[in-house]
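All remarks here apply to the structure that follows.
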Amino acid sequence: MNAPYCLHYAPDNASLVIRLALEEMGVPYDTALVDRRRDAQNSATYRTLNPNGLIPVLETPQGPIFETAAILLWLADTHSQLAPALHSPDRAAFLKWLFFASNTLHADLRILFYADKYIDGAQAEVLRAGIRPRLRQHLRVLDAEAKKAPGWLHSDQPSVLTYYLACQMRWMALYPARSDRSWYQLADTPHLQKILMLLESRPATRAAIAAEGLGVTPFTSPTYATPQEGSAT
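According to our numbering, the sequence shown is numbered sequentially starting from 136.
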């Protein structure tokens with residue numbers, strides 16, 4: 136690696152969250168495309184980095200890291216940016232919501248997006264219909280927390296959590312492409328909406344837009360990615 140890190144990514148995948156965090160931190164990094172059209176995430180080479188065959192992986196001087204929240208937390212602690220410090224009184228609250236975003240919200244999103252991996256394909260839409268009310272409830276509780284405007288979930292102060300939520304809300308508006316998405320309305324969560332609007336104007340987001348073809352309003356009015364290389368699906 137010429138830079139301290141190498142991000143193994145696919146456009147508009149969970150690696151987007153890591154790209155945004157790295158850009159916001161101003162940390163140099165290289166990228167390596169994982170071509171999903173060729174099933175590269177399941178290649179023997181990639182599975183030496185992540186035996187689960189999932190994107191992203193961040194190669195670091197301490198070895199490869201996978202799992203989006205683990206990478207975000209490691210970067211935040213390593214560079215003392217975008218999260219409360221270890222002994223900050225805000226640390227505990229930040230951690231519980233970061234892991235809620237990862238273990239609950241993101242996990243349920245995977246069921247929505249890849250329902251046929253969890254149930255027979257003929258029942259996929261039934262499963263999706265069951266998971267949507269849960270997702271709406273997750274957004275409601277997050278919006279209520281954002282209303283309190285803690286430093287780590289605030290429109291004026293980006294964090295690894297705000298970027299993580301912005302990407303997940305982008306995906307809710309777009310995927311699955313041939314399934315009902317009318318259940319998701321950004322205006323239902325006005326405090327999160329304000330955060331997303333301000334994130335769109337940041338240089339980190341502009342850099343990610345250019346790199347992955349995300350469109351001019353990737354969080355508040357997203358369009359499907361048109362990357363120069365690779366595929367989002």
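Virtual Cβ for every residue (Gly too), placed ideally from N, Cα, C.
For residue j and residue i, the rounded distance between their alpha carbons
i      : j      : result
Tyr106 : Ala360 : This structure leaves residue 106 out entirely; the chain is present only between 136 and 368.
Leu233 : Arg267 : 21 Å
Ala204 : Val295 : 9 Å
Asp212 : Ala220 : 7 Å
Ser178 : Pro224 : 43 Å
Glu364 : Pro311 : 21 Å
Pro357 : Leu349 : 7 Å
Met332 : Pro293 : 12 Å
Lys252 : Gln176 : 16 Å
His289 : Lys329 : 9 Å
Gly188 : Pro338 : 31 Å
Val276 : Gln303 : 15 Å
Arg341 : His222 : 32 Å
Gly161 : Thr195 : 16 Å
Ile246 : Asp255 : 13 Å
Ala260 : Pro163 : Strictly speaking, residue 260 in this sequence is Glu, with Ala absent from that position. Taking the straight line joining both Cα atoms gives about 42 Å.
Arg305 : Ala346 : 17 Å
Pro362 : His241 : 23 Å
Gly265 : Leu309 : 18 Å
Coil, strand or helix - residue i by DSSP
i      : result
His241 : helix
Val276 : helix
His326 : helix
Glu364 : coil
His214 : helix
Phe201 : strand
Ala138 : coil
Val261 : helix
Val192 : strand
Tyr144 : strand
Asp251 : helix
Ser156 : Reading the sequence as shown, one finds Ala at residue 156 and not Ser. DSSP places Ala156 in helix when its eight states are reduced to three.
Asp312 : Correcting the residue identity first, residue 312 is Ala in this sequence and not Asp. Coil, per DSSP.
Ala343 : helix
Ala175 : helix
Leu233 : helix
Thr166 : strand
Gln320 : coil
Anticipated Cβ contact below 8 Å, residue i with residue j, distance rounded
i      : j      : result
Asn137 : Asp165 : 6 Å
Ala145 : Ile190 : 5 Å
Glu159 : Leu217 : 6 Å
Leu334 : Met307 : Contact doesn't hold; Cβ gap of about 16 Å is too wide.
Tyr298 : Ala236 : The pair is not a contact, with the Cβ atoms about 10 Å apart (cut-off 8 Å).
Leu208 : Tyr140 : Contact flag wrong, Cβ pair sits at about 15 Å.
Asp147 : Ala301 : So it is not a contact: roughly 13 Å between Cβ atoms.
Proximity below 8 Å, CB of residue i to CB of residue j
i      : j      : result
Ala210 : Ala257 : In the sequence as displayed, the identity of residue 210 is Leu instead of Ala. Their beta carbons are not under 8 Å apart, which means Leu210 does not touch Ala257 by this criterion.
Phe354 : Trp287 : no
Thr324 : Asp278 : yes
Leu168 : Ile153 : no
Leu151 : Ala343 : yes
Ala281 : Leu244 : no
Thr239 : His273 : yes
Ser314 : Arg263 : yes
The ligand ADP heavy atom lying under 7 Å from the CB of residue i
i      : result
Thr166 : Within the structure as shown, the ligand ADP is missing, as the structure has no ligands at all.
Tell me whether the stretch 319 to 335 and the stretch 182 to 201 touch, counting them as touching only if at least three CB pairs, one residue from each stretch, are closer than 8 Å.
no
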